[in-house]
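Q: According to the numbering used here, the sequence shown is numbered sequentially starting from 23.
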Amino acid sequence: MREKFHHLSRRCVMGMVGGVMLLVSTMAYSAAILEGERMSPVQGKEGMVVTSHFLATQSAQDVLKNGGNAIDAAVTAAFSLAVTQPRSGNIGGGGFMLISSEQNDEVVAIDYREKAPIKATVDMFLDKEGNADSQLSRYSHLAAGVPGTVAGLALALEKYGTISLKEAMAPAIKLAEEGFVVTPRFSDGLKQKEKMLAKWTSSAKIFYKPDGSFYEPGELFVQKDLAATLRRISEKGAKEFYEGQTAELLVAEMAKHGGLITMEDMKNYSPTMREPVHGTYRGHDIYSMSSPSSGGVHVVQILNILEGYPVSEYGHNSAQTIHLMAEAMKRAYADRSFYLGDEDFVKVPLKGLISKDYAAKIREGIDAKKATPSSTIVPGKPEPYESNETTHFSIIDKFGNAVSNTYTINFSYGSGIVVEGAGFLLNNEMDDFSAKPGVPNAYGLIGGEANKIEPNKRMLSSMSPTIVKNQGKNFLVTGSPGGSRIITTTLQVIMNVIDHGLNIQSAVAAPRIHHQWLPDELRIEEGLSGDTIKILQEKGHQVKQKTSMGAIQSIMVKDGIMYGGADPRRSTALAAGL
Ligand code: GLY
Numbered sequence: 023m024r025e026k027f028h029h030l031s032r033r034c035v036m037g038m039v040g041g042v043m044l045l046v047s048t049m050a051y052s053a054a055i056l057e058g059e060r061m062s063p064v065q066g067k068e069g070m071v072v073t074s075h076f077l078a079t080q081s082a083q084d085v086l087k088n089g090g091n092a093i094d095a096a097v098t099a100a101f102s103l104a105v106t107q108p109r110s111g112n113i114g115g116g117g118f119m120l121i122s123s124e125q126n127d128e129v130v131a132i133d134y135r136e137k138a139p140i141k142a143t144v145d146m147f148l149d150k151e152g153n154a155d156s157q158l159s160r161y162s163h164l165a166a167g168v169p170g171t172v173a174g175l176a177l178a179l180e181k182y183g184t185i186s187l188k189e190a191m192a193p194a195i196k197l198a199e200e201g202f203v204v205t206p207r208f209s210d211g212l213k214q215k216e217k218m219l220a221k222w223t224s225s226a227k228i229f230y231k232p233d234g235s236f237y238e239p240g241e242l243f244v245q246k247d248l249a250a251t252l253r254r255i256s257e258k259g260a261k262e263f264y265e266g267q268t269a270e271l272l273v274a275e276m277a278k279h280g281g282l283i284t285m286e287d288m289k290n291y292s293p294t295m296r297e298p299v300h301g302t303y304r305g306h307d308i309y310s311m312s313s314p315s316s317g318g319v320h321v322v323q324i325l326n327i328l329e330g331y332p333v334s335e336y337g338h339n340s341a342q343t344i345h346l347m348a349e350a351m352k353r354a355y356a357d358r359s360f361y362l363g364d365e366d367f368v369k370v371p372l373k374g375l376i377s378k379d380y381a382a383k384i385r386e387g388i389d390a391k392k393a394t395p396s397s398t399i400v401p402g403k404p405e406p407y408e409s410n411e412t413t414h415f416s417i418i419d420k421f422g423n424a425v426s427n428t429y430t431i432n433f434s435y436g437s438g439i440v441v442e443g444a445g446f447l448l449n450n451e452m453d454d455f456s457a458k459p460g461v462p463n464a465y466g467l468i469g470g471e472a473n474k475i476e477p478n479k480r481m482l483s484s485m486s487p488t489i490v491k492n493q494g495k496n497f498l499v500t501g502s503p504g505g506s507r508i509i510t511t512t513l514q515v516i517m518n519v520i521d522h523g524l525n526i527q528s529a530v531a532a533p534r535i536h537h538q539w540l541p542d543e544l545r546i547e548e549g550l551s552g553d554t555i556k557i558l559q560e561k562g563h564q565v566k567q568k569t570s571m572g573a574i575q576s577i578m579v580k581d582g583i584m585y586g587g588a589d590p591r592r593s594t595a596l597a598a599g600l
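1. What does the alpha-carbon distance come out to for the pair Gly337 and Arg534?
2. Tell me whether Ser484 counts as near the ligand GLY, meaning its Cβ is closer than 7 Å to at least one heavy atom of that ligand.
3. Going by DSSP in three states, Gly552 sits in which element: helix, strand or coil?
4. Give every residue of the same chain whose Cβ lies closer than 6 Å to the Cβ of Met70, excluding the five residues on either side of it in the sequence, and list them in chain order.
5. My guess is that Phe118 and Thr428 are in contact by the Cβ rule of under 8 Å, so how many angstroms apart are they, rounded?
6. What three-state label does DSSP hand Thr594 in the structure shown?
7. According to DSSP, simplified to helix, strand and coil, what is Asn153?
8. Could you tell me whether the Cβ atoms of Ala138 and Phe147 are closer together than 8 Å?
9. For the ligand GLY, I want to know if Ile508 counts as a neighbour, meaning its beta carbon is within less than 7 Å of at least one of the ligand's heavy atoms.
10. Measure the beta-carbon distance from Asp379 to Pro314 and round it to whole angstroms, keeping in mind my assumption that it falls under 8 Å.
11. Taking the straight line between their C-alpha atoms, what separation do you get for Ala597 and Asp145?
12. Name the residue from Phe208, Asn339, Arg135 whose alpha carbon lies nearest to the alpha carbon of Pro108.
13. Throw me the rounded Cβ distance for the Ala309 and Leu120 pair, which I believe falls under 8 Å.
14. Have a look at Ile283, Glu335, Ser359 and flag the residue whose alpha-carbon is nearest the alpha-carbon of Gly317.
15. Short of 8 Å in beta carbon distance, which residues of its chain neighbour Ser292, apart from the five on each side in sequence? Order them along the chain.
16. Rounded to whole angstroms, what's the CA-CA distance from Glu57 to Tyr134? Just pull it up for me.
17. Tyr303 bridges to which residues according to DSSP?
18. Mind checking which residues open and close the beta strand (DSSP E) that includes Gly586?
19. Pick out the complete alpha helix (DSSP H) segments inside the stretch 512-570, 4 residues or longer, and give them in chain order.
20. What does a CB cutoff of less than 6 Å around Phe263 pick up in its chain, not counting 5 residues either side in sequence?
21. Please find out if some non-hydrogen atom of the ligand GLY comes closer than 7 Å to the beta-carbon of Asp454.
22. Who are the near neighbours of Lys87 in its chain, counting only those whose CB is closer than 7 Å to its CB and skipping five residues on each side?
23. Using DSSP with H/G/I as helix, E/B as strand and the rest coil, what is Glu297?
24. Let me check understanding here. Comparing Cα to Cα, which of Phe455, Asn290, Glu329 lies closest to Gly305?
25. By the three-class DSSP mapping on this structure, what secondary structure does Tyr202 have?
26. So, helix, strand or coil for Tyr331, using DSSP?
27. Between which two residues does the alpha helix (DSSP H) carrying Arg267 extend?
28. Does Gln575 come out as helix, strand or coil in the three-state DSSP assignment?
29. Could you round the C-beta distance between Pro487 and Ser551 to whole angstroms and report it? I think they count as a contact, below 8 Å.
30. Starting from the C-beta of Ile195, find all residues in its chain whose C-beta is less than 7 Å away, skip the five residues before and the five after it, and write them out in chain order.
31. Tyr429 bridges to which residues according to DSSP?
32. Can you give me the C-alpha to C-alpha distance between Thr13 and Ser377, rounded to a whole angstrom?
33. Distance, Cα to Cα, Tyr112 vs Ala104?
34. Please confirm whether Asp542 and Pro395 have their CB atoms less than 8 Å apart.
35. I'd like to confirm something about Asn112: is its beta-carbon nearer than 7 Å to some heavy atom of the ligand GLY, or not?
36. Hey, would you say the C-beta of Glu451 is under 7 Å away from at least one heavy atom of the ligand GLY?
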């Protein structure tokens, strides 16, 4: 069966055409479950690509096949996703990329998060009564931060890649110019968001037919404006996006609709090399994203707290394991609300937050039998200073490089606004700032002074691209979309592998839980047993089953074999090995 599954998956790669591929992949997946086996990950010896869209996986896989490295493949995947998955793949947003090189024994991070425009002000989203206006921070031209994706990808390629930007962008340009076959997920997404997208003529003409009707599965979707934009960038370099015709189109869009981004903002944008957060968990090295993301800090902090408990003995998704995870999560998210912001503007007590001593102190306050109500939890005292739609992909090559990349335009389809004539969607990342201290953002996350709006500042993120190393070797490459749930989704895949010994496909597919301090609810996916839920309720948890969380595209390496786990929560996701 394992072989049959593998064989089917490879056939998917070869003959991928929209719905057909989906059907075959789903059949293979359910067959694996029905026959009572553990879910089998896809295998590779010379490389592995896992993305949320099979066409992006295929483009990146071709790069590896032709001798490119993981960074070349990552840049190709990112531009391909910008075409095939406009709800989150993007050139109008930003993100973070972690790159691990076994050869140089280093893990580096590229921060290409969006920045607030120069004209941004602390109270720009407050109405006359001083209340936060979420319409402005989410669905207007003011919602957009200065995009970082193009500069970030170009920097990655220039520093660590082996192919030219032109080569890396060629598959994306072809997909935009010649079109691709619409999948059910693509069609459904645009139907669901018609109200948000179709109110802008620039967006309506890209995503809906001239008579306003929908693109249906099996039809061809062509994006001429986007193709032209990508071609300009590929020929003239990232500078074109920031200083050329594309920048002019973006700035004209802003000027026409009261947005703030100017040519000066575009010209001044630059991505930044950051040191990733580094922690350890049961003998493994954890590398994840540092400020302006809160992701890495809190993945490591929660792991530190849980390291003090015999989690594997308690068992995977047992009530006791979930109870302790929820208690650790609550305390980390309380800290997030107070301490985290862009470290170029505020001092983040990083060392304190990720120290084992601080974790031990937090453990002292956790009752192993009873849930602590969130109302009694306040941000802790570490040692003093020294969206829901986002998309993640993981890639490993035969040269010992691993790339973990998460990028986003924040919501599904960002602000919903396409830049007229340029064919791409603008992010609504400004909503990730705290518009008003204490008022939750779209993910229910509370922020404080550290994450207030300031010109040129990067808004706080939860994105957690992560690479786990074992004795100097790349072991696990993972990360997820999901707004506030990104941190806990990533955490659980790490624990599922390290504590519970699940293979990567099972680790990715297993039901997940989430607690973010406020609201005081233990959110779960379907799949937990009734008696587990009952025990958690008896411990005092407010258990709420809601829709699925995250889409974690992951790779694990064991004994020289690369195993890919695509998240079944995204019907278009695909892992493909070499
Ligand atoms: N926009 C979601 C995040 O960056 O966390």
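From the three backbone atoms N, C-alpha and C, an ideal C-beta is built for every residue, glycine too.
A: So, from the listed chains and residues:
1. As a first step, residue 337 must be located in the sequence shown, where it is residue number 315. As a first step, residue 534 must be located in the sequence shown, where it is residue number 512. Approximately 14 Å, taken between the alpha carbons.
2. Here residue 484 refers to the residue found at position 462 of the sequence shown. Within the cutoff, so yes.
3. Mapped onto the sequence shown, residue 552 falls at position 530. Reduced to three states, the DSSP call for Gly552 is helix.
4. Along the sequence shown, read from residue 1 onward, the residue named residue 70 stands at position 48. Counting only Cβ-Cβ distances below 6 Å, and skipping sequence neighbours, we find Ile418, Ile577, Met584, Gly586, Gly599.
5. Against the sequence shown, residue 118 aligns to sequence position 96. Against the sequence shown, residue 428 aligns to sequence position 406. About 6 Å; that satisfies the 8 Å criterion.
6. Translated into the one-based positions of the sequence shown, residue 594 becomes position 572. Looking at Thr594 - three-state DSSP - the assignment turns out to be coil, as it is neither helix nor strand.
7. Within the sequence shown, the letter at position 131 stands for residue 153. DSSP places Asn153 in coil when its eight states are reduced to three.
8. Position 116 of the sequence shown, counting from 1, holds the residue named residue 138. Position 125 of the sequence shown, counting from 1, holds the residue named residue 147. Their beta carbons are not under 8 Å apart, which means Ala138 does not touch Phe147 by this criterion.
9. The residue labelled residue 508 in the question sits at position 486 within the sequence shown. Ile508 has its CB nearer than 7 Å to a heavy atom of the ligand GLY.
10. As a working mapping, residue 379 is identified with position 357 in the sequence shown. As a working mapping, residue 314 is identified with position 292 in the sequence shown. About 25 Å; that fails the 8 Å criterion.
11. Residue 597 sits at position 575 when you count from the first residue of the sequence shown. Residue 145 sits at position 123 when you count from the first residue of the sequence shown. Cα-Cα distance, rounded: 44 Å.
12. As a first step, residue 108 must be located in the sequence shown, where it is residue number 86. If we check each option's Cα against that of Pro108, Phe208 comes out closest.
13. The residue you call residue 309 lines up with position 287 of the sequence shown. The residue you call residue 120 lines up with position 98 of the sequence shown. At residue 309 the sequence reads Tyr, which differs from the Ala that was named. Yes, Tyr309 and Leu120 are in contact; Cβ-Cβ is about 6 Å, under 8 Å.
14. Along the sequence shown, read from residue 1 onward, the residue named residue 317 stands at position 295. If we check each option's Cα against that of Gly317, Ser359 comes out closest.
15. Residue 292 sits at position 270 when you count from the first residue of the sequence shown. Only Ala173 meet the Cβ criterion.
16. In the sequence shown, counting from the first residue as 1, residue 57 sits at position 35. In the sequence shown, counting from the first residue as 1, residue 134 sits at position 112. Reliability of the predicted coordinates at Glu57 is poor, the pLDDT of 37 falling under 50, and the value obtained from them is presented with this limitation in mind. Distance between the alpha carbons of Glu57 and Tyr134 is about 44 Å.
17. Taking the first residue of the sequence shown as 1, we reach residue 303 at position 281. Its beta-bridge partners are His306.
18. By 1-based counting over the sequence shown, the position of residue 586 is 564. Counting along the chain, the beta strand (DSSP E) containing Gly586 begins and ends at 583-587.
19. 526-531, 552-560
20. For the purposes of this step, residue 263 is taken as the residue at position 241 of the sequence shown. Cβ within range, chain order: Val172, Ile255.
21. As a first step, residue 454 is located in the sequence shown; it is residue number 432 there, counting from the start. The answer is yes for Asp454.
22. Here the question's residue 87 lines up with position 65 in the sequence shown. So the list reads Leu600, once near-sequence residues are dropped.
23. Translated into the one-based positions of the sequence shown, residue 297 becomes position 275. In the three-state DSSP reduction, Glu297 falls in the coil class, being neither helix nor strand.
24. The residue labelled residue 305 in the question sits at position 283 within the sequence shown. Closest by C-alpha distance to Gly305, out of Phe455, Asn290, Glu329, is Glu329.
25. One-based indexing of the sequence shown puts residue 202 at position 180. For the sequence presented, residue 202 should be read as Phe rather than Tyr. In the three-state scheme derived from DSSP, where H, G and I count as helix and E and B as strand, Phe202 is classed as strand.
26. For the purposes of this step, residue 331 is identified with residue 309 of the sequence shown, where counting begins at 1. Coil.
27. For the purposes of this step, residue 267 is taken as the residue at position 245 of the sequence shown. According to the sequence provided, residue 267 is Gln. The question's Arg does not apply to it. Here the alpha helix (DSSP H) through Gln267 covers 267-279.
28. To locate residue 575, count along the sequence shown from 1; it is residue 553. Correct three-state label for Gln575: coil.
29. As a position in the sequence shown, residue 487 is number 465, starting the count at 1. As a position in the sequence shown, residue 551 is number 529, starting the count at 1. Not a contact, Cβ separation roughly 32 Å.
30. The sequence position of residue 195 within the sequence shown is 173, counting from 1. Once the five neighbours on either side are set aside, the close Cβ partners of Ile195 are Ala249, Leu252, Arg253, Ser256.
31. Along the sequence shown, one-based indexing puts residue 429 at 407. The partner list for Tyr429 (beta bridge, DSSP) reads Gly117, Thr413.
32. Because the chain spans 23 through 600 in this model, residue 13 falls outside it and cannot be assessed.
33. The sequence position of residue 112 within the sequence shown is 90, counting from 1. The sequence position of residue 104 within the sequence shown is 82, counting from 1. According to the sequence as given, residue 112 is Asn; it is not Tyr. Each residue's alpha carbon lies about 4 Å from the other.
34. As a first step, residue 542 is located in the sequence shown; it is residue number 520 there, counting from the start. As a first step, residue 395 is located in the sequence shown; it is residue number 373 there, counting from the start. The Cβ atoms of Asp542 and Pro395 sit closer than 8 Å to each other.
35. The residue labelled residue 112 in the question sits at position 90 within the sequence shown. No; taking the cut-off as 7 Å, the Cβ of Asn112 has no heavy atom of the ligand GLY nearer than that.
36. Position 429 of the sequence shown, counting from 1, holds the residue named residue 451. Answer for Glu451: yes, Cβ within range of the ligand GLY.
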